[in-house]
Amino acid sequence: MESVRQITGENADLVSYLLSHKFSGLSYNDKIFVKQQPIPRPPMNNLVQIKSGHNRAFSKTLYDKHIWLTGSESRNKLFCWYCVLFAEAGYDNFKEVHRVLIKHEMSKDHTYSSVKFKVFGKQNIVNALDSARREFIKKHN
Numbered sequence: 005m006e007s008v009r010q011i012t013g014e015n016a017d018l019v020s021y022l023l024s025h026k027f028s029g030l031s032y033n034d035k036i037f038v039k040q041q042p043i044p045r046p047p048m049n050n051l052v053q054i055k056s057g058h059n060r061a062f063s064k065t066l067y068d069k070h071i072w073l074t075g076s077e078s079r080n081k082l083f084c085w086y087c088v089l090f091a092e093a094g095y096d097n098f099k100e101v102h103r104v105l106i107k108h109e110m111s112k113d114h115t116y117s118s119v120k121f122k123v124f125g126k127q128n129i130v131n132a133l134d135s136a137r138r139e140f141i142k143k144h145n
């Protein structure tokens, strides 16, 4: 099986890999590795819709407006990076894209996933205190 550590570089599709292999199924060290990577920002040049004779193409400025936004070129869809890791949500309808992205940003799934992303890998304070307490007892008894 291909390792998540092999899915890096300019042409890698880390989002597609994580959708197929699930972040929750990775080892702790691989999860930390993924979290330390910059959020993938592929150009998404093929993400174009033709509706009512009008072309709607992806604009990279959306990445600046929504720091959690990522994409998968092989799947030709946009995703929320936090939700790829801790939920599962994709978006490929460009009609009213700005409204839908803002709506997603306010959703319960997004909020939950963004909090999980921010705290993931940080030591639990209860465990840290308990560990320090055990070390203190060991040292002073």
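Heads up, the sequence shown is in my numbering, so the first residue is 5 and it goes up one at a time. Idealized CB from N, CA, C, for every residue including glycine.
query	result
Where do the N-terminal and C-terminal ends of the beta strand (DSSP E) with R60 fall, by residue?	H58 to A61
Can you tell me the Cβ-Cβ gap for V19 and F83, rounded? I've got them flagged as a contact below 8 Å.	6 Å
Quick check on DSSP: helix, strand or coil for Q53?	strand
Are the beta-carbon atoms belonging to E77 and P46 less than 7 Å from one another?	yes
Please report how far the alpha carbon of D113 lies from the alpha carbon of I106, in whole angstroms.	13 Å
Leaving out five residues before and five after I36 in sequence, what residues of the same chain have Cβ atoms less than 6 Å from its Cβ?	G125
With a CB to CB cut of under 6 Å and the five nearest residues on each side skipped, what residues in its chain are close to A91?	D113 and S117
Can you tell me the Cβ-Cβ gap for V8 and D34, rounded? I've got them flagged as a contact below 8 Å.	5 Å
Quick one: what's got a C-beta closer than 8 Å to I54's C-beta in the same chain, skipping five residues either side?	R60
Rounded to a whole number of angstroms, what is the C-alpha to C-alpha distance between S111 and D134?	35 Å
Can you give me the start and stop residues for the beta strand (DSSP E) that K81 sits inside?	K81 to C84
Can you list, in chain order, the residues of its chain with a C-beta nearer than 6 Å to that of Y21? Leave out the 5 residues immediately preceding and following it.	I11
Return the first residue and the last residue of the alpha helix (DSSP H) that S76 is part of.	First-last for S76: L73 to S76, but that is the beta strand (DSSP E), not the alpha helix (DSSP H).
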